[in-house]
Amino acid sequence: MADMRGKVLLASGFHAPIAGEVDVLEDALIAVDGEGVILSVTRRGEADYDALTARAVAEGRLERLPEGSYLLPGFVDCHVHAPQYPQLGGALDVPLEVWLQKYTFPLEARYADLAFARRAYGLLVEDLIANGTTTTLYFATVHQDATRALVDTCLEKGQRALIGKVAMDNAESCPDYYRDASVDAALEGTRALIDYVRMHPDNTAGLVKPVVTPRFIPSCTDATLEGLGAIARECGCHVQTHCSESDWEHGYVLSRHGMTDTESLDRFGLLGRHTMLAHSNLLTASDMEKIRVCEAAVAHCPLSNAYFAGAVFPLRAALEKGLHVGLGTDISGGPSASMLENCRAAVTVSRMLETGVDPAVDAAVRAIGQPARIDFRLAFHVATAGGARALDLPVGQFSPGYRFDAIVIDTRAKAGPMRLWDEFDSGDGILQKIVFTASKANIATVWVDGKTVSSH
Numbered sequence: 001m002a003d004m005r006g007k008v009l010l011a012s013g014f015h016a017p018i019a020g021e022v023d024v025l026e027d028a029l030i031a032v033d034g035e036g037v038i039l040s041v042t043r044r045g046e047a048d049y050d051a052l053t054a055r056a057v058a059e060g061r062l063e064r065l066p067e068g069s070y071l072l073p074g075f076v077d078c079h080v081h082a083p084q085y086p087q088l089g090g091a092l093d094v095p096l097e098v099w100l101q102k103y104t105f106p107l108e109a110r111y112a113d114l115a116f117a118r119r120a121y122g123l124l125v126e127d128l129i130a131n132g133t134t135t136t137l138y139f140a141t142v143h144q145d146a147t148r149a150l151v152d153t154c155l156e157k158g159q160r161a162l163i164g165k166v167a168m169d170n171a172e173s174c175p176d177y178y179r180d181a182s183v184d185a186a187l188e189g190t191r192a193l194i195d196y197v198r199m200h201p202d203n204t205a206g207l208v209k210p211v212v213t214p215r216f217i218p219s220c221t222d223a224t225l226e227g228l229g230a231i232a233r234e235c236g237c238h239v240q241t242h243c244s245e246s247d248w249e250h251g252y253v254l255s256r257h258g259m260t261d262t263e264s265l266d267r268f269g270l271l272g273r274h275t276m277l278a279h280s281n282l283l284t285a286s287d288m289e290k291i292r293v294c295e296a297a298v299a300h301c302p303l304s305n306a307y308f309a310g311a312v313f314p315l316r317a318a319l320e321k322g323l324h325v326g327l328g329t330d331i332s333g334g335p336s337a338s339m340l341e342n343c344r345a346a347v348t349v350s351r352m353l354e355t356g357v358d359p360a361v362d363a364a365v366r367a368i369g370q371p372a373r374i375d376f377r378l379a380f381h382v383a384t385a386g387g388a389r390a391l392d393l394p395v396g397q398f399s400p401g402y403r404f405d406a407i408v409i410d411t412r413a414k415a416g417p418m419r420l421w422d423e424f425d426s427g428d429g430i431l432q433k434i435v436f437t438a439s440k441a442n443i444a445t446v447w448v449d450g451k452t453v454s455s456h
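The letter at position 447 of the sequence shown is residue 447 when you use UniProt numbering, and the numbering goes up by one with no holes.
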């Protein structure tokens, strides 16, 4: 479909600005300005609906979704390791601490080769966009040139992105062939990437943002963590890192610092409104409260956690406590680049958390004793508006003042696995079918800032 800048779109669809609630849009008129910002959302039956429709038709600005197509906000992926895309779906046979040394660090070291980096990042960004992911929070590598290539690629292909050069200088945890050479190298590399993003001639609209990125506490010396905290305060950038991901990682920080990841990150000035903590499965009650008070956020990665965390993040409890939470694929710890797949996984693991999983234990004992399950409505919220709120970005919902980042789901795509039945499916039941059965083949069009970035 055409660009939506300066157009009025007549569409039915869904968004979820409020956790647990789906707002059904039926033949709504969404007006978008010349910069890709939503001007108005007018519903059928409202006083000026007919007049706005007639004016848009007369001016040649009205666009309509095809029959059987539905509009959704673009997905917001809050945790992706961009360099790990070549091993997506593989290397899932060992624990996290082995996986890093055996598979992941050797792969990430390949990004010293700029040609390899450009090829891999080009495929990654194209594939994520085609999967409906309009905003992505990326870990890159320690390499300055390769990380700049990722920035260039996102700008070229039109994906909204937050990108960080990974800082990792701890010789005790990082291999000689893949780490920052010193504290100064880690800090100066971070500053250089921030400057590159902010001064990029093609980034005047701020489509790409820089991120301070300590890989996680085990990979960084205290001096680097302290310096990164200072940089975050100076530049007002987002911060991303891993937090209490697995028993090994959580235990390492307790042993080294005598406190949890959350407490330690706060001590270094790395916990704030624009901080995204990946995983966070092993948070204590006081950790969760500190994150809430600091207005930091968690990237829930349900598929990846099944392979590497050894625990299920209590998503429902976190949201009820008031935490900001987004959804992450965690490429390649998670074996799918699809946010729809991760929505399904979030629902599935929440039910397993609530009921327990050991068949040898009586059901009354096996269950955790409190509600933990979520449904498709909450999963959809976390994948869109929730993730956007976690990142403090004006996307993820169809409301005036928000950017028009959106996708079209073609429920009649022949290659797609979903089928709707007129006699059974209506209202948000259609969204339920989309969340649980749609695939990349059903994503017909993707817009970022009102610009078409993918269409078939």
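All C-beta atoms, glycine included, are put in the ideal place defined by N, C-alpha and C.
Helix, strand or coil for residue i per DSSP?
i, result
"PHE424", "coil"
"TYR70", "strand"
"ILE129", "helix"
"TYR121", "helix"
"THR135", "strand"
"GLU97", "helix"
"CYS78", "strand"
"ALA345", "helix"
"ILE368", "coil"
"GLU63", "strand"
"LEU10", "strand"
"ILE331", "strand"
"HIS250", "helix"
"ILE443", "strand"
"GLY258", "coil"
"ARG191", "helix"
"ALA385", "helix"
"GLY396", "coil"
"GLY326", "strand"
"ALA232", "helix"
"ALA171", "coil"
Beta strand (DSSP E) containing residue i: first to last residue?
i, result
"HIS456", "Per DSSP, HIS456 belongs to no beta strand (DSSP E) and is neither H nor E."
"MET418", "No beta strand (DSSP E) contains MET418, which DSSP labels as neither H nor E."
"SER40", "38 to 42"
"LEU25", "23 to 32"
"PHE404", "Counting along the chain, PHE404 falls outside any beta strand (DSSP E), and DSSP gives it neither H nor E."
"ARG278", "A quick correction: the sequence has Ala, not Arg, at residue 278. First-last of the beta strand (DSSP E) with ALA278: 275 to 279."
"ARG160", "160 to 164"
"GLU312", "Contrary to the premise, residue 312 reads as Val rather than Glu in this sequence. First-last for VAL312: undefined, no H or E at that position."
"LYS209", "208 to 214"
"ALA299", "297 to 300"
Ends of the alpha helix (DSSP H) at residue i?
i, result
"PRO106", "105 to 109"
"VAL357", "Here VAL357 belongs to no alpha helix (DSSP H), and DSSP marks it neither H nor E."
"GLN144", "144 to 157"
"CYS243", "That residue, CYS243, is in no alpha helix (DSSP H); its beta strand (DSSP E) goes 238 to 243."
"LEU319", "315 to 321"
By how many angstroms is the C-alpha of residue j removed from the C-alpha of residue i?
i, j, result
"PHE398", "GLU26", "13 Å"
"ILE129", "ALA205", "19 Å"
"GLY13", "LEU71", "4 Å"
"ASP93", "LEU282", "22 Å"
"GLY229", "THR241", "12 Å"
"THR136", "VAL76", "6 Å"
"GLU188", "GLU295", "28 Å"
"residue 463", "GLY429", "Because the chain spans 1 through 456 in this model, residue 463 falls outside it and cannot be assessed."
"ALA91", "SER332", "9 Å"
"VAL151", "ALA51", "43 Å"
"ARG64", "LEU9", "6 Å"
"ARG44", "LEU62", "15 Å"
"ALA364", "VAL197", "54 Å"
"HIS143", "ALA413", "41 Å"
"PRO214", "SER173", "13 Å"
"THR42", "GLU249", "49 Å"
"SER426", "GLU234", "50 Å"
Apart from the five residues just before and just after residue i, which ones in its own chain have a Cβ nearer than 8 Å to its Cβ?
i, result
"LYS290", "THR262, GLU263, ASP266 and LEU271"
Going along the chain, which residues of its own chain have a beta-carbon closer than 7 Å to the beta-carbon of residue i, five neighbours each way excluded?
i, result
"THR284", "THR260"
"THR221", "ASP169, ASN170 and VAL183"
"GLY34", "ARG5 and GLY6"
"GLY450", "ASP3, MET4, ARG5, VAL32, GLY36 and PHE404"
Excluding the 5 residues preceding and the 5 following residue i in the sequence, name in chain order all residues of the same chain whose CB lies nearer than 6 Å to its CB.
i, result
"VAL141", "At residue 141 the sequence reads Thr, which differs from the Val that was named. Closer than 6 Å at the Cβ level, and outside the excluded window around THR141, lie PRO83, GLU108, TYR111 and VAL166."
"VAL312", "VAL349 and LEU353"
"LEU162", "LEU137, LYS209, VAL211 and HIS238"
"GLY322", "ARG292"
Less than 7 Å between CB atoms is the rule here; does residue i satisfy it with respect to chain C?
i, result
"ILE129", "Checking the listed chains, one finds no chain C in this structure; it contains a single protein chain."
Since residue i and residue j should fall inside the 8 Å C-beta cutoff, what is the C-beta to C-beta distance between them, to a whole number of angstroms?
i, j, result
"VAL80", "THR329", "6 Å"
"ILE217", "VAL253", "5 Å"
"GLY310", "SER246", "6 Å"
"GLY20", "ARG377", "5 Å"
"GLY89", "THR133", "Contact flag wrong, Cβ pair sits at about 17 Å."
"ALA299", "CYS78", "4 Å"
"SER40", "ILE409", "At roughly 23 Å, the Cβ-Cβ gap does not stay under 8 Å, so SER40 and ILE409 are not in contact."
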